[in-house]
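As structure tokens, the structure follows; a few thoughts come after it.
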Amino acid sequence: YYKAARKVHNTNSAQALSLYRMAATKGYARAWRQMGSIHMKNGNKSLALKNYKKYLNLSPGASDAEVIRATIIRLGGTP
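Counting from 4, one number per residue, gives the positions in the sequence shown under the working numbering.
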């Protein structure tokens with residue numbers, strides 16, 4: 004699901020979100036990060052924050068964790 008979502012990430016955000024949700028339910032934590040990026044791009048700050056926080060909760064030691072924490076703060080949230 005994740006690979007299919009990445010293919011349409013920039014061209015069909017609704018389909019990408021659906022595929023990322025399926026990947027997330029299968030335990031693929033990185034899908035939460037990608038859902039956050041789509042929500043941020045679409046201007047839905049609250050859903051972006053929710054998704055980014057879920058990603059950090061599942062992957063606190065991820066290589067991009069500091070970048071995501073900074074993004075959460077920039078969006079007005081608390082990591």
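From the three backbone atoms N, C-alpha and C, an ideal C-beta is built for every residue, glycine too.
- Item | Unbroken alpha helix (DSSP H) run spanning GLY39, endpoints | Residue range 33 to 44 is occupied by the alpha helix (DSSP H) that includes GLY39.
- Task: Answer yes or no: do ALA8 and ALA32 have a C-beta to C-beta separation smaller than 8 Å?
- Result: No, the pair does not count as a contact, with Cβ atoms beyond the cut-off.
- Exposed unless 16 or more other CB atoms sit within 10 angstroms - verdict on ARG36: The residue is buried, with at least 16 neighbouring Cβ atoms inside 10 Å.
- Under three-state DSSP, which class holds TYR5? TYR5 falls in the helix class under three-state DSSP.
- Query: Going along the chain, which residues of its own chain have a beta-carbon closer than 7 Å to the beta-carbon of VAL11, five neighbours each way excluded?
  - Reply: Closer than 7 Å at Cβ, skipping near neighbours: GLN18, ALA19.
- Going straight from the alpha carbon of SER66 to that of TYR23, what length do you get? Straight through space, the alpha carbons of TYR23 and SER66 are spaced by roughly 20 Å.
- Would you say VAL11 faces chain D, with C-beta separation under 8 Å as the test? Among the protein chains of the structure shown there is no chain D, as only one such chain exists.
- Item | The alpha helix (DSSP H) enclosing THR74, as first and last residue numbers | It spans 68 to 77 - the alpha helix (DSSP H) in which THR74 sits, taken as one unbroken run.
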